[in-house]
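Everything on this sheet refers to the single structure shown next.
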Amino acid sequence: MSAEETIKEEVRPEIKALRPIALDEQGLVQVTTLDEEMRICKGLVDNAMVPESLNTPGKLFAARQLCRELDLPVMSAIRNVYVVNGSPSLHSDTPLAIVRRSGKLEMIDEYHIDDQYNRICIENKNINTPWLAAVCEIKRVGYEKKTFYFSYEQAKLAGLIGKKVWGPYPLRMSQMKARGLGLKNEFSDILMGAAMAEYDFDTMPGVTMKDVS
């Protein structure tokens, strides 16, 4: 082997690692190897182009894999993936969006009720009334409508009332509890057991487990 061939052989691993990543017909990154995927993850993290909870290439890799498993557009969806205790979790309205996209959701109605079981709304002029429960009515195509709820007493027994997230956002958090229960029960085949930050961990982006424990 000549000296030139020996040099090429010695640097080949580095050349291979830096091989340009291909683009598809739409100009989107086309990942073909794990090495390429990790290079992308490292580049995004190093340039602070992802949510704070995805602050390592490993966390971002897990989030991107979850997006692929749920058939979500990876780059636009990772902002809705939040890592809690090492578990990539969907947050906000992403689980509902996935279910809506499936075409199997016929209807969903979410609201709070007061201690007289009246819907809390502007029409009833009771928007400042203490809430008794968050209610989520869901009907899957081909099935009967079902009602799920999460009450103030349940939140109290769980020690959630007054915590960092529940303190300022009790209506939103209780809504997500009722919704999460409904979506997990009625659309388990679509969500495939994906965790929901607000439902499974009582937290949301920007708030750590230490803040709510």
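The number in my numbering is simply the position in the sequence shown, starting from 1, with 1082 added.
Positions of the beta carbon are idealized from the N, C-alpha and C atoms, including for glycine.
Enclosing alpha helix (DSSP H) for residue i [first to last residue]
i     : result
R1146 : P1139 to E1151
I1343 : As displayed, the chain neither begins before 1083 nor continues past 1295, which places residue 1343 out of reach and without an answer.
A1276 : Per DSSP, A1276 belongs to no alpha helix (DSSP H) and is neither H nor E.
S1158 : V1156 to A1159
As assigned by DSSP and simplified to three states, the class of residue i
i     : result
D1128 : helix
A1099 : At A1099, the pLDDT of 49 sits below 50, so the modelled position is not reliable; the number obtained from the coordinates is stated separately. Looking at A1099 - three-state DSSP - the assignment turns out to be helix.
D1191 : strand
D1293 : Confidence is the limiting factor: at D1293 the pLDDT is only 40, short of 50, which leaves the residue's position unreliable and the question unanswerable from this model.
T1285 : coil
A1237 : helix
V1252 : The question names Val, yet the displayed sequence has Pro at residue 1252. Here P1252 sits in helix by DSSP.
N1208 : coil
I1122 : helix
K1245 : coil
Nearest-angstrom beta carbon gap, residue j and residue i [assumed within contact, 8 Å]
i     : j     : result
G1264 : I1195 : Not really, about 16 Å apart at Cβ, beyond 8 Å.
L1172 : A1279 : 7 Å
P1170 : A1144 : 5 Å
P1133 : Y1164 : 7 Å
L1186 : V1156 : It should be pointed out that residue 1186 corresponds to Lys in this sequence rather than to Leu. So it is not a contact: roughly 23 Å between Cβ atoms.
Residue i, enclosing beta strand (DSSP E) - first and last residue
i     : result
Y1164 : V1163 to V1166
Residue(s) in a DSSP beta bridge with residue i
i     : result
E1226 : DSSP output for E1226 lists no bridge partner at all.
D1169 : First, the residue type needs correcting, since residue 1169 is Ser and not Asp in the sequence shown. Answer by DSSP bridge pairing, in chain order: V1166.
V1217 : Y1193 and Y1231
R1261 : None; R1261 has no bridge partner.
R1201 : I1195
Residue i versus the options, residue with shortest Cα-Cα distance
i     : options                       : result
C1218 : L1142, E1119, E1268 and L1273 : E1268
Y1225 : V1132, E1188, L1239 and R1261 : E1188
E1205 : A1216, Y1193 and E1235        : Y1193
A1276 : K1246, E1151 and I1122        : E1151
L1253 : I1209, G1241 and Q1198        : I1209
D1284 : K1259, S1270 and I1272        : K1259
N1044 : D1153, K1141 and K1228        : Beyond the ends of the chain as shown, which are 1083 and 1295, falls residue 1044; an answer cannot be given.
N1137 : R1161, E1118 and A1240        : R1161
D1197 : C1203, R1182, K1207 and W1213 : W1213
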